[in-house]
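Engineer: Questions regarding the structure given below will be posed in turn.
There are 2 protein chains.
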Amino acid sequence: MNTDIKKFIINQSLALDCGKIIKGFPLAYETYGTLNEKKSNAILVFHALTGDQFVTNINPITKREGWWAFAVGPGKAIDTNKYFVICANVLGGCMGSFGPKEINPETDKIFRTTFPIITIKDIVSSQKFLLDHLGIKKLLAVVGGSMGGMQVLQFVSLFPNMAHSAIPIACSASHSAQNIALNELGRQAIMADPNWKNESLTPDKGLAVARMAAHITYLSKAGLQEKFGRKLQDKGSLKFSFDADFQIESYLRYQGENFVDRFDANSYLYITRAMDYFDLEKQFNGNLSLAFKNTKSKFCVISFSSDWLYPTSENKEIVIALNACGANVGFVEINSDKGHDSFLLNVPKFLKTLSDFIKSTYDEVNNEKGI
Amino acid sequence: MNTDIKKFIINQSLALDCGKIIKGFPLAYETYGTLNEKKSNAILVFHALTGDQFVTNINPITKREGWWAFAVGPGKAIDTNKYFVICANVLGGCMGSFGPKEINPETDKIFRTTFPIITIKDIVSSQKFLLDHLGIKKLLAVVGGSMGGMQVLQFVSLFPNMAHSAIPIACSASHSAQNIALNELGRQAIMADPNWKNESLTPDKGLAVARMAAHITYLSKAGLQEKFGRKLQDKGSLKFSFDADFQIESYLRYQGENFVDRFDANSYLYITRAMDYFDLEKQFNGNLSLAFKNTKSKFCVISFSSDWLYPTSENKEIVIALNACGANVGFVEINSDKGHDSFLLNVPKFLKTLSDFIKSTYDEVNNEKGI
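Chains as they are written, first to last, in my numbering: chain A, 19 to 389; chain B, 19 to 389.
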């Protein structure tokens, strides 16, 4: 086990949606900043499909910058001089939390596809144990983009009185047919790789193809055109071969190859499955506003204009449901040509929106409790 | 050789864009309807990436309906009682034309990736020999969707006086970065399959993944949501496995599996490469309108509102370039939620547009020549 990975062992039982019960399982997590005395400055960040607990600073495993370094850190939108930031690797993940890469103590073999299917609800429920362990009764905020946003929605629905504010970003309350299709494409690419069935090999080629497919969906058509257009890799003429002629081809190949070093193919299967199964509306018999009817949280729903994976229209469905139950909700669509990826990038208006909203919650909480 | 495949052997030399010269190569083609005495009722149809010469009726190889059965046939928009329809399998294809599936006479082995890289220009040039062979000096119309539309544009540019009218549908004058990326994804899926390098095997799994990826792009998000949504394959509850839970998953798997029976993986590589290399603007030093400056054709450019692969904006670029050189051009955006696939489906307004435009050209041509 890598000593850079901090783990909390959950000794309580967790009944998963699939019917299995798990107990004594690890949750890997990180914290940034300092929890204040009142324990009123904690923000729970949920990561997306291929993210992990290493939100900011240098990720000790990959040696690259954390996935939300633009947003989280000293003086950043989520200011770690002021707030205490917690992020756990999701159940089913591959950065130390209980997932298909871990060893099944009953068989002494790696779980692989014998790991139980998990859901967004399971992921969120497991993190409640961590909050209890840290002694946090109420969070200042829960925040996350993409699959992280789904966890935000699930969290406030499960624990309506546990977060002062909630910020679901670039997400949806139920996975669309197109998004299920795109995830299935990735899974099929992995399962098509003959190495996938071989216990001593890894399906790197299949996983790379899955990543390439996903990566295309994270960017907008206009953004790709602006950044790559038809620029050639070598400045000369076309190669008349299947080598990478265009810069976009090299870029995608690089994204694919790079990904396999840091991600487990089976985790990819399990986490995409959790996303596909996410349907908060269905949990409440088709009435999404019932998911939020007891919520005490203040919401800020954020979407990006060029995000075609979780378009503004799907984010607005969340706003409509929150309005329908009288919740306190704000909505911002950020103009950006960076597509779904916008939430991970330096998009100033987005970062300002995030910063201002969290600050206003912090001030409100402090005034209530301090004066 | 399958006797249902009609072939014309081109004995002239064709200098390909890649620098190689080919000679004595087959072009498989079909015709529908009867060529009139004046030879003034011929329409050349160009097929798209995975299409073939079997435009309508039952395809004798696949035993399924031709890919444009909605549009072509007796009494259809392209009425074979009235018009003489010609369609050739593209160079690089796998339905009888010279392509990577054919045997290299020099080595007596299947070409596979030793086949020369071909371009849209090569594809179109090869079909000019077929027209000469059929004794057709001027076509009533050239028409095609998607890659077929690119061929329309290339044809009128190469042969400005050979078609009374031209109908590029749901296409682009140069392949966008996103579309190159999507094609590269398909190629990587094929090349990731270890069978691809094995002469006695076929990379069915890789090709199926490529097809699944492409198929998602042919449909719109709204169309997928409307047709599939989150409908389950079996009416009961979720399976908590990686089996196909959702109908969209089964549908995609079916599309993938089905495709490998009828398509050659190397043809897929070559034809997608031809699409990626297509850049009519670059052929004219960045000024697209120069591509059309000598054109005598009347144009009808057609796009579909929900097509995100070749969106209306890219089709409009063609219209703008045609306007800039004073060409006779009409433009129609058809409202449809069926995405890029709309041109292959029963979309009444589209079929009426097609029918009316061709009929008006026919009437004009007949009046000119007949009275």
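Where is the CB? At the ideal position from N, CA and C, for every residue including glycine.
Note that this is a predicted model, so its numbers are computed, not measured.
Between which residues of its own chain and Ile154(B) is the CB-CB distance below 6 angstroms, once the five residues before and five after are set aside?
Structural biologist: For Ile154(B), where only same-chain residues beyond five positions count, the Cβ hits under 6 angstroms are Lys57 and Ala60.
Engineer: Can you name the residues that DSSP bridges to Ile96(A)?
Structural biologist: In the DSSP output, where bridge partners are listed per residue, Ile96(A) has Val90(A).
Engineer: Scan the region 116 to 170 of chain B and note each continuous alpha helix (DSSP H) run of 4 residues or more that stays entirely inside, going in chain order.
Structural biologist: DSSP runs (the alpha helix (DSSP H)) wholly in the region 116 to 170 of chain B: 138 to 151.
Engineer: Please give me, in chain order, every unbroken run of the beta strand (DSSP E) with length at least 3 that falls completely inside the region 309 to 381 of chain A.
Structural biologist: Qualifying beta strand (DSSP E) stretches, in chain order: 316 to 322 and 346 to 352.
Engineer: Counting contacts by CB-CB distance shorter than 9 angstroms, is Pro366(A) in contact with chain B?
Structural biologist: False, the Cβ-Cβ gap to chain B never drops below 9 angstroms.
Engineer: What is the DSSP secondary structure of Asn385(B), counted as helix, strand or coil?
Structural biologist: Looking at Asn385(B) - three-state DSSP - the assignment turns out to be helix.
Engineer: Just tell me which of Thr21(A), Asp35(A), Ile27(A) and Ile23(A) has its CA closest to the CA of Phe258(B).
Structural biologist: Ranking Thr21(A), Asp35(A), Ile27(A) and Ile23(A) by Cα distance to Phe258(B) puts Asp35(A) first.
Engineer: Do Phe64(B) and Val103(B) have their beta-carbon atoms positioned less than 9 angstroms apart in this structure?
Structural biologist: Their beta carbons are not under 9 angstroms apart, which means Val103(B) does not touch Phe64(B) by this criterion.
Engineer: Which residues bound the beta strand (DSSP E) around Ile76(A)?
Structural biologist: Taken as a continuous stretch (DSSP letters only), Ile76(A) belongs to no beta strand (DSSP E), as it is neither H nor E.
Engineer: Compute the beta-carbon to beta-carbon distance between Ser183(B) and Phe375(B), rounded to the nearest angstrom, for a pair I have assumed lies under 8 angstroms.
Structural biologist: Their Cβ separation, rounded to whole angstroms, is 7 angstroms, which keeps Ser183(B) and Phe375(B) in contact under 8 angstroms.
Engineer: State yes or no: is the C-beta of Ile96(A) within less than 9 angstroms of the C-beta of Ile23(A)?
Structural biologist: Going by C-beta atoms, Ile96(A) is not nearer than 9 angstroms to Ile23(A).
Engineer: Ignore the nearest five residues each way along the sequence and tell me which others in Asn77(A)'s own chain have a CB closer than 6 angstroms to its CB.
Structural biologist: Once the five neighbours on either side are set aside, the close Cβ partners of Asn77(A) are Gly84.
Engineer: Give me the residue from Ile338(A), Asp355(A) and Asn353(A) with the minimum Cα distance to Val347(A).
Structural biologist: Nearest of Ile338(A), Asp355(A) and Asn353(A) to Val347(A), Cα basis: Ile338(A).
Engineer: Less than 9 angstroms between CB atoms is the rule here; does Ile266(B) satisfy it with respect to chain A?
Structural biologist: Yes, its Cβ sits closer than 9 angstroms to a Cβ of chain A.
Engineer: Is the CB-CB distance between Asp211(B) and Ala210(A) below 9 angstroms?
Structural biologist: Cβ distance < 9 angstroms, so Asp211(B) and Ala210(A) count as in contact.
Engineer: Find out if the Cβ-Cβ distance for the pair Phe116(A), Ile40(A) is shorter than 9 angstroms.
Structural biologist: Taking 9 angstroms as the Cβ cut-off, Phe116(A) and Ile40(A) qualify as a contacting pair.
Engineer: Take Lys25(A) and list the residues in its own chain whose beta-carbon comes closer than 6 angstroms to its own, dropping the five residues that flank it on each side.
Structural biologist: The answer, listed in chain order, is Pro44, Ala46 and Gly114.
Engineer: Taking all protein chains shown into account, do 16 or more other C-beta atoms lie within 10 angstroms of the C-beta of Leu219(A), making it buried, or fewer, making it exposed?
Structural biologist: Counting Cβ neighbours within 10 Å, Leu219(A) comes out exposed, since fewer than 16 surround it.
Engineer: Along the chain, where does the alpha helix (DSSP H) that runs through Tyr272(B) open and close?
Structural biologist: Gln265 to Val278 is the extent of the alpha helix (DSSP H) around Tyr272(B).
Engineer: Gly224(B) lies in the beta strand (DSSP E); which residues open and close that run?
Structural biologist: Looking at the DSSP string, Gly224(B) is not in any beta strand (DSSP E); the run it does join, the alpha helix (DSSP H), is Asp222 to Tyr236.
Engineer: Which full runs of the alpha helix (DSSP H) of 4+ residues lie inside the region 234 to 260 of chain B, going along the chain?
Structural biologist: Qualifying alpha helix (DSSP H) stretches, in chain order: 239 to 245.
Engineer: Relative to the C-alpha of Gly110(A), which residue among Leu340(A), Leu225(A), Val142(A) and Gln273(A) is closest?
Structural biologist: Comparing Cα positions, the closest option is Val142(A).
Engineer: Go ahead and pull the three-state DSSP assignment for Asp282(A).
Structural biologist: In this structure, Asp282(A) counts as coil in the three-state DSSP scheme.
Engineer: Just mark Lys249(A) as buried or exposed, buried being the case when its beta carbon has 16 or more other beta carbons within 10 Å.
Structural biologist: Its Cβ having fewer than 16 others within 10 Å, Lys249(A) is exposed.
Engineer: Among residues of its own chain, excluding the 5 on either side of Ser194(B), which ones have a beta-carbon nearer than 8 angstroms to its beta-carbon?
Structural biologist: Closer than 8 angstroms at Cβ, skipping near neighbours: Glu332.
Engineer: For Cys343(B), decide whether its Cβ has a neighbour in chain A, counting only Cβ atoms nearer than 9 angstroms.
Structural biologist: Chain A, which has no Cβ nearer than 9 angstroms to the Cβ of Cys343(B), makes this no.
Engineer: When we look at the beta-carbon of Asn303(B) and count the other beta-carbons within 10 Å, is it buried (16 or more) or exposed?
Structural biologist: Exposed.
Engineer: Looking at Val350(B) and Ser373(B), is the spacing between their C-beta atoms short of 9 angstroms?
Structural biologist: No, they are not a contact pair.
Engineer: Along the region 123 to 149 of chain B, what residues have a CB closer than 8 angstroms to any CB found in chain A?
Structural biologist: Result list: Thr131, Pro134 and Ile135.
Engineer: Could you check where the alpha helix (DSSP H) with Gly300(A) kicks off and where it finishes?
Structural biologist: The question names Gly, but residue 300(A) is Lys in the sequence shown. Its alpha helix (DSSP H) spans residues Leu298 to Gln301.
Engineer: Mapping the DSSP letters down to three states, classify Gly101(A) as helix, strand or coil.
Structural biologist: It should be noted that the sequence gives Tyr, not Gly, for residue 101(A). Coil at Tyr101(A), not helix or strand.
Engineer: Can you check which of these residues, Asn213(B), Cys189(B), Ser255(B) and Arg205(B), is closest to Tyr236(B) by C-alpha distance?
Structural biologist: Residue Cys189(B) is the option with its Cα nearest to Tyr236(B).
Engineer: Got a sec? Which residues, its chain only, sit under 7 angstroms from Thr49(B) by beta carbon, not counting five neighbours each side?
Structural biologist: Taken in chain order, the residues that qualify are Phe102, Val103 and Ile104.
Engineer: Do you know how far the Cα of Ala283(A) is from the Cα of His358(A)?
Structural biologist: Roughly 22 angstroms separates the two Cα atoms.
Engineer: Could you tell me which chain B residues have their CB closer than 9 angstroms to the CB of Ala191(A), listed as they occur along the chain?
Structural biologist: Within 9 angstroms Cβ-Cβ: nothing; Ala191(A) doesn't reach chain B, min ~12 angstroms.
Engineer: When you compare the CB positions of Lys215(B) and Ala181(B), do they come within less than 9 angstroms of one another, or not?
Structural biologist: Cβ distance not < 9 angstroms, so Lys215(B) and Ala181(B) don't count as in contact.
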